[in-house]
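The next block holds one structure in the form of structure tokens; read it before the comments.
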Amino acid sequence: MTTEEIITRGDRVLMHTYGRHKIVLDHGEGVYLYDNEKKQYLDFAAGIGVFALGYNNREYNDAVIKQLNKLTHTSNYYYNEPAVLAAEKFCKASGMDRVFFTNSGTEAVEGALKLARKYYYNKHGKADSEIISFNHSFHGRSMGSVSVTGTKKYRDPFEPLIGGVKFADYSDYESVTKLVNDKTCAIIMETMQGEGGIHPAEDFVKKIRELCTEKGILLIVDEVQCGMGRSGKMFTYQYYGIKPDIITSAKGLGSGVPVGAFAATEEVASAFVPGDHGSTYGGNPLVCAAVSKVFDLFKEQNILENVEKVGGYLYKKLDEFAGKHKDIIVEHRGINMMQGLEFKFEVKEIVNRCLENGLVLIAAGANVIRFLPPLIIENRHVDEMIEKLEKSLIGQK
Ligand code: PLP
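Counting in my numbering, the final residue of the sequence shown is number 395, and the numbers go up one at a time with none missing.
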């Protein structure tokens, strides 16, 4: 099919839930994507933070193909070896004791919320617990995860959502303490807000950890976007030096196959008993073979070291860029391979122009461009990105 045919036919049959760019992606290699007309794009979005290991990683592909040819699905009524290996590696890397594999980040959040509520139910002998979340947060698209997402446009059309959810302001400690009461079972927060505009919050997260410990509230950290190496540690809560009670993960966890996870300490995880939660596909051998290989390759290819090294260079270059364009850029924020530039105006036009110039970037909210490259980028890719971004500013000043 030609590009035009694919777009026209796609627009006819796919639901209109995305404002898609009018290009058709065909394949990828390393940190580059190619469309079906052979145009090359430097990718600083990684499929919204998914492709940690870059495109077409041979060893990753081989591991997935090997499992594909063996067994892709069993259902969770039986054990499978890739799931056990993936779970062991996940627990070791995260410091959690037990994990449940899901098919997406949204489902990981759903599971985490259910686990927190079940823990409270067991402890207090009653339901009706409350959850505190944050304004401008993003936790997914299902009814449960939308219920804890603090962004009006994602919520309003779908009311009534699940009850017992209250919203505080991210980085405003007082706004949280005001909402805490005897019914509070959990506080859910992104360790670094992503969709809300790239906001790291080390001191705030540490204070919330202390508050949760003091009040006997569970701390759920959503690491779907900021986890799996983006900070230079496997998870951003490790970068901050805290331990949550429940974590969620996805995106880079599968590095291309659809998989998510929520994990918890032994004490919290033991609230779930057979029948409390489940998934037909969740944790199938195919995706778990991928997860297992991702953890191996992180070690073998020194991914975290690269994130620190090149992430530092990216920070320096974006800082220089923000300084040079003070007239249009409000702030530069982020950690290592998850950074953002906040502009004084909507960035849609710049993102479109970047694409025309062979650079894939995405926005976070209306005014922020976010940088979520594959974790294997090198300094030369940062230089190429800056050059293309600079070129794409023409007409904005
Ligand atoms: N939580 C966070 C912090 C996210 O950024 C996202 C997606 O961007 C999700 C949850 C939902 O993940 P998924 O799109 O895999 O369902």
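From the three backbone atoms N, C-alpha and C, an ideal C-beta is built for every residue, glycine too.
Remember, predicted model here, so these are calculated numbers, not experimental data.
#1: Exposed or buried, what is F293 when buried is set at 16 or more other beta-carbons lying within 10 Å of its beta-carbon?
#2: Ignore the nearest five residues each way along the sequence and tell me which others in H275's own chain have a CB closer than 7 Å to its CB.
#3: Counting C-beta neighbours from all protein chains within 10 Å, is the total for E221 16 or more, i.e. buried, or is it exposed?
#4: Using DSSP with H/G/I as helix, E/B as strand and the rest coil, what is C183?
#5: Would you mind working out which of K20, A262 and E27 sits nearest T0, comparing C-alpha positions?
#6: Look at the alpha carbon of R351 and the alpha carbon of H71, and state the distance between them as a whole number of angstroms.
#7: To the nearest angstrom, report how far apart E52 and I129 are at their CA atoms.
#8: Does any residue of chain B have a CB that is nearer than 7 Å to the CB of V22?
#9: Counting only the same chain and skipping the five closest in sequence on each side, list residues whose C-beta sits under 6 Å from that of V349.
#10: Scan the stretch 103 to 148 and note each continuous beta strand (DSSP E) run of 3 residues or more that stays entirely inside, going in chain order.
#11: Distance, Cα to Cα, A81 vs I185?
#12: Does the ligand PLP have even one heavy atom less than 6 Å from the beta-carbon of D24?
#13: Take D317 and list the residues in its own chain whose beta-carbon comes closer than 6 Å to its own, dropping the five residues that flank it on each side.
#14: Look up D41 in the DSSP assignment and say whether it is helix, strand or coil.
#15: Report the rounded CA-to-CA distance for E385 versus L353, giving the unit in angstroms.
#16: How is T100 classed by DSSP in three states: helix, strand or coil?
#17: Can you name, in chain order, every residue of its own chain whose Cβ lies under 6 Å from the Cβ of R139, other than the five neighbours on each side?
#18: Please list, in chain order, all residues of the same chain as E382 whose beta carbon is under 6 Å from its beta carbon, the five residues on each side excluded.
#19: Does the structure place the stretch 260 to 272 close enough to the stretch 333 to 349 that three or more beta carbon pairs sit under 8 Å?
#20: From which residue to which residue does the beta strand (DSSP E) around R378 run?
#21: With a threshold of 6 Å on Cβ separation, who are the neighbours of V255 within its own chain once the five nearest residues in sequence on each side are excluded?
#22: Can you tell me which of the three DSSP states E344 falls into?
#23: If the criterion is Cβ atoms closer than 7 Å, does the pair A248 and A106 meet it?
#24: S102: beta carbon under 6 Å from a heavy atom of the ligand PLP?
#25: Determine, using beta carbons only, whether V29 and H379 come nearer to each other than 7 Å.
#26: Indicate, with yes or no, if the ligand PLP has a heavy atom lying under 6 Å from the CB of H137.
#27: Measure the alpha-carbon distance for G400 versus N101 and round it to whole angstroms.
#28: Should N365 and Y311 be called a contact, given that it needs their Cβ atoms to be closer than 7 Å?
#29: Going along the chain, which residues of its own chain have a beta-carbon closer than 6 Å to the beta-carbon of E193, five neighbours each way excluded?
#30: R228 and N334 look like a contact to me (Cβ under 8 Å); what is the Cβ gap, rounded to whole Å?
#31: Cutting at 7 Å between CB atoms, please list the residues of its own chain near A43, excluding the five before and the five after it.
#32: Output the distance between the C-alpha atoms of I367 and L339, rounded to the nearest integer angstrom.
#33: Could you tell me whether any non-hydrogen atom of the ligand PLP is closer than 6 Å to the CB of E79?
#34: Along the chain, where does the alpha helix (DSSP H) that runs through R207 open and close?
#35: Using 8 Å as the Cβ pair cut-off and three pairs as the minimum, do the stretch 204 to 211 and the stretch 237 to 244 touch?
Once the coordinates are examined:
#1: The residue is buried, with at least 16 neighbouring Cβ atoms inside 10 Å.
#2: Only F98, G109 and K112 meet the Cβ criterion.
#3: E221 counts as buried, since at least 16 other C-beta atoms from the protein chains shown sit within 10 angstroms of its C-beta.
#4: Strand.
#5: Among K20, A262 and E27, the Cα nearest to that of T0 belongs to K20.
#6: If you take the alpha carbons of R351 and H71, they lie about 42 Å apart.
#7: What sits at residue 52 in the sequence shown is Gly, not Glu. If you take the alpha carbons of G52 and I129, they lie about 36 Å apart.
#8: The displayed structure is made up of one protein chain only, and chain B is not part of it.
#9: Correct list, in chain order: L359 and A361.
#10: Whole beta strand (DSSP E) segments, 3+ residues: 128 to 132.
#11: Approximately 29 Å, taken between the alpha carbons.
#12: No; taking the cut-off as 6 Å, the Cβ of D24 has no heavy atom of the ligand PLP nearer than that.
#13: Apart from the 5 residues on each side of it in sequence, D317 sits with its Cβ closer than 6 Å to the Cβ of H330 in its chain, given in chain order.
#14: DSSP, read as helix, strand or coil, puts D41 in strand.
#15: Here the C-alpha atom of E385 lies approximately 13 Å from the C-alpha atom of L353.
#16: The three-state reading of DSSP puts T100 in strand, counting E and B together.
#17: Annotation for R139: T104 place their beta carbon closer than 6 Å to its own, counting only its chain and skipping 5 residues before and after.
#18: Closer than 6 Å at the Cβ level, and outside the excluded window around E382, lie L40.
#19: Cβ pair count under 8 Å is below three, so no.
#20: First-last for R378: N377 to K389, but that is the alpha helix (DSSP H), not the beta strand (DSSP E).
#21: Residues V285 and A288 of the same chain have their beta carbon placed closer than 6 Å to that of V255, with the five preceding and five following residues left out of the count.
#22: Under the three-state reduction of DSSP, E344 is assigned to coil, being neither helix nor strand.
#23: Less than 7 Å separates the beta-carbon of A248 from that of A106.
#24: Checking the Cβ of S102 against the ligand PLP gives yes.
#25: Yes, Cβ-Cβ distance for V29 and H379 is below 7 Å.
#26: H137: yes, Cβ under 6 Å from the ligand PLP.
#27: Residue 400 lies beyond the stretch modelled for the chain, which goes from -1 to 395, so this question has no answer here.
#28: Taking 7 Å as the Cβ cut-off, N365 and Y311 do not qualify as a contacting pair.
#29: Excluding residues within five positions, the ones whose Cβ falls inside 6 Å are F136 and A362.
#30: Contact between R228 and N334 is confirmed by a C-beta separation of about 6 Å, below the 8 Å threshold.
#31: Excluding sequence neighbours, A43 sits near V358, L359, I360 and L370.
#32: The straight-line gap separating the alpha-carbon atoms of I367 and L339 is approximately 5 Å.
#33: No, since every heavy atom of the ligand PLP falls outside the 6 Å radius drawn around the Cβ of E79.
#34: Note, R207: alpha helix (DSSP H), E200 to K213.
#35: Because the criterion of three Cβ pairs below 8 Å is met, the stretch 204 to 211 and the stretch 237 to 244 touch.
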